[in-house]
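I have placed the structure first, in the form of structure tokens, so that the comments after it can refer back to it.
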Amino acid sequence: MAFRIFTDTGANITDKVREHYDITSVPLTLIMEGEEFLFTKTEGFDYDDYYQKIKDGMSVSTSQVNPSQFNEAFKPVLENGEDVLYIGLSGGVTGSINSAKIAAADLMEEFPDRQIRIVDSLGASLGEGILVVEAAECRNKGMSLEETADRIDFQKYCMYQVFVVDDLKHLKRTGRISGALASIGTMMDIKPILKGDTEGKIVVECKARGRKQAIKALAEKYRDLVVNPEEQIVGISYGGKREDAVHLANLVSKIAEPKKIWMVAHEPVTGAHVGPGMLALYFKGADDVRAF
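Take the sequence shown: its letters are residues 0 to 291, numbered as in numbering that gives the first Met the number 0.
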């Protein structure tokens, strides 16, 4: 049975990749200086300018996708006789996944012969996007909706997401971390290395002194935890300072060359929470890697 794959723009996949794999993105909402902006496409957005403006003090916030938006996205597909697989931004950092579940429950009453699967990726950016592309590849191989959804539900626990930020105040401001955790980064240029845990929440993985050592720590996590790198796409996202992303990609390649490295500017909606200077690495390890 045919099914359509949905994600949100938090998945950070390029327009070219999205179109190639026939993936539909539900837009996230960015609020800059009080003005709402639907982030629909990766192309044409000035990422460097955006992160510089945040650094200079621009007011920026976000709002989650509401159930009616998901209803509007899913309903035409169901009316066309297709099923729906939605792989969304971590429920540990946004309520959008719950909105998708509410919409799905309502639509299943209206379309009892159709199927809708909602998968919480437990991730953001390419930690979500790589899983979405994997789902599309499963579909291309002829796997069913249930088989594909079950595979992604398992693989999300293998996806390791580790990152560093220049300033924890952005995560504190938007409630993604506690004030106590935010205070760590103000001491003696200590850079907390953060990760997504088994619930998709942001926690401290380790600490490094200064940015140079923090980038090295990201690469060391790859060295210690990656599994079968030659078979997988490794992701890197950055909020400005592209040269640091290139440096990290070189370190990763020297440790163990992956099948591909995707390097992207971190999309602006979750980027509002991590702030300028963030640098993240996404790769697969063992099925309990998020616990490490």
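The beta carbon of each residue, even a glycine, is placed where N, CA and C say it ideally should be.
Thinking just about the alpha-carbon of each residue, which of the options is nearest to the one in residue i?
| i | options | result |
| --- | --- | --- |
| glutamate 204 | Ala290, Gly274 and Val132 | Ala290 |
| glycine 294 | Gln63, Ser67, Phe73 and Glu133 | Beyond the ends of the chain as shown, which are 0 and 291, falls residue 294; an answer cannot be given. |
| methionine 361 | Ala1, Asp287 and Leu278 | Outside the displayed range of the chain (0 to 291) lies residue 361, so it cannot be described from this structure. |
| lysine 200 | Ala123, Pro111, Lys283 and Arg150 | Ala123 |
| glutamate 198 | Tyr49, Ala72, Thr93 and Leu106 | Thr93 |
| phenylalanine 69 | Gly87, Asn79 and Ser120 | Gly87 |
| leucine 37 | Arg208, Leu77 and Val268 | Val268 |
| tyrosine 50 | Ala213, Arg241, Val83 and Glu145 | Arg241 |
| leucine 106 | Asp149, Asp82 and Val118 | Asp82 |
| glycine 259 | Asn139, Ala279 and Ile235 | Note on residue identity: the sequence assigns lysine, not glycine, to residue 259. Nearest option by C-alpha distance: Ile235. |
| lysine 206 | Val233, Asp165, Tyr85 and Val245 | Asp165 |
| glutamate 219 | Tyr237, Gly238 and Asn249 | Asn249 |
| lysine 74 | Phe5, Gly195 and Leu193 | Phe5 |
| valine 288 | Met277, Phe153, Val163 and Tyr237 | Phe153 |
| glycine 128 | Tyr46, Phe44, Trp261 and Pro275 | Trp261 |
| asparagine 65 | Ala103, Gly56, Thr13 and Gly43 | Ala103 |
| threonine 41 | Glu34, Gly126, Asp55 and Lys15 | Lys15 |
| aspartate 45 | His246, His272, Leu278 and Gly238 | Gly238 |
| alanine 264 | Ala279, Lys190 and Gly80 | Ala279 |
| leucine 77 | Ser89, Glu108, Ser95 and Ile96 | Glu108 |
| glutamine 212 | Leu224, Asp196 and Asp243 | Asp243 |
| alanine 135 | Gly276, Met57, Thr23 and Gln114 | Thr23 |
| glutamate 133 | Val233, Lys100 and Ser98 | Val233 |
| glycine 126 | Val251, His246, Ala271 and Gly9 | Gly9 |
| aspartate 188 | Gly195, Arg208, Asp196 and Val202 | Arg208 |
| alanine 72 | Val273, Val25 and Met57 | Val25 |
| valine 161 | Glu35, Lys215, Pro111 and Asp55 | Lys215 |
| aspartate 112 | Leu247, Asn97, Leu130 and Gly80 | Gly80 |
| glycine 276 | Leu130, Ile53 and Tyr221 | Ile53 |
| serine 67 | Ile96, Val245, Val273 and Gly43 | Ile96 |
| arginine 210 | Leu247, Val202, Asn139 and Leu130 | Leu247 |
If you follow the beta strand (DSSP E) that residue i is part of, which residue opens it and which one closes it?
| i | result |
| --- | --- |
| glycine 87 | 82-87 |
| methionine 62 | Checking the displayed sequence, the identity of residue 62 turns out to be serine instead of methionine. It spans 59-62 - the beta strand (DSSP E) in which serine 62 sits, taken as one unbroken run. |
| alanine 264 | 259-264 |
| leucine 292 | Since the first residue of the chain shown is 0 and the last is 291, residue 292 is not available in this structure. |
For the alpha helix (DSSP H) that residue i lies in, which residues bound it at each end?
| i | result |
| --- | --- |
| threonine 147 | 144-154 |
| tyrosine 50 | 46-54 |
| glutamate 18 | 14-19 |
| glycine 270 | 267-273 |
Can you check DSSP and say which residues form a bridge with residue i?
| i | result |
| --- | --- |
| arginine 3 | Val83 |
| phenylalanine 282 | Tyr159 |
| valine 25 | Asp7 |
| methionine 31 | Glu34 and Val59 |
Please check if any C-beta of chain D sits within less than 9 Å of the C-beta of residue i.
| i | result |
| --- | --- |
| valine 225 | Protein chains in the displayed structure number just one, and chain D is not present. |
Heavy atom of the ligand FMN less than 8 Å from the Cβ of residue i, yes or no?
| i | result |
| --- | --- |
| proline 26 | The ligand FMN is absent from the structure shown, which contains no ligand whatsoever. |
How about the region 55-72 and the region 16-34: do they share at least three Cβ pairs that are nearer than 8 Å? yes
Hey, is the region 252-259 in contact with the region 227-241, meaning 3+ C-beta pairs nearer than 8 Å? yes
Length at least 4, wholly inside the region 184-256: the alpha helix (DSSP H) runs in chain order: 210-224 and 241-254
Quick one: which unbroken alpha helix (DSSP H) runs of 4-plus residues sit fully inside the region 65-144? Chain order, please. 66-78, 95-109 and 125-139
For the region 149-168 and the region 280-287, state whether three or more C-beta atom pairs, one from each stretch, are separated by less than 8 Å. yes
I want to know whether the region 112-120 touches the region 143-152 - three or more CB-CB distances under 8 Å. yes
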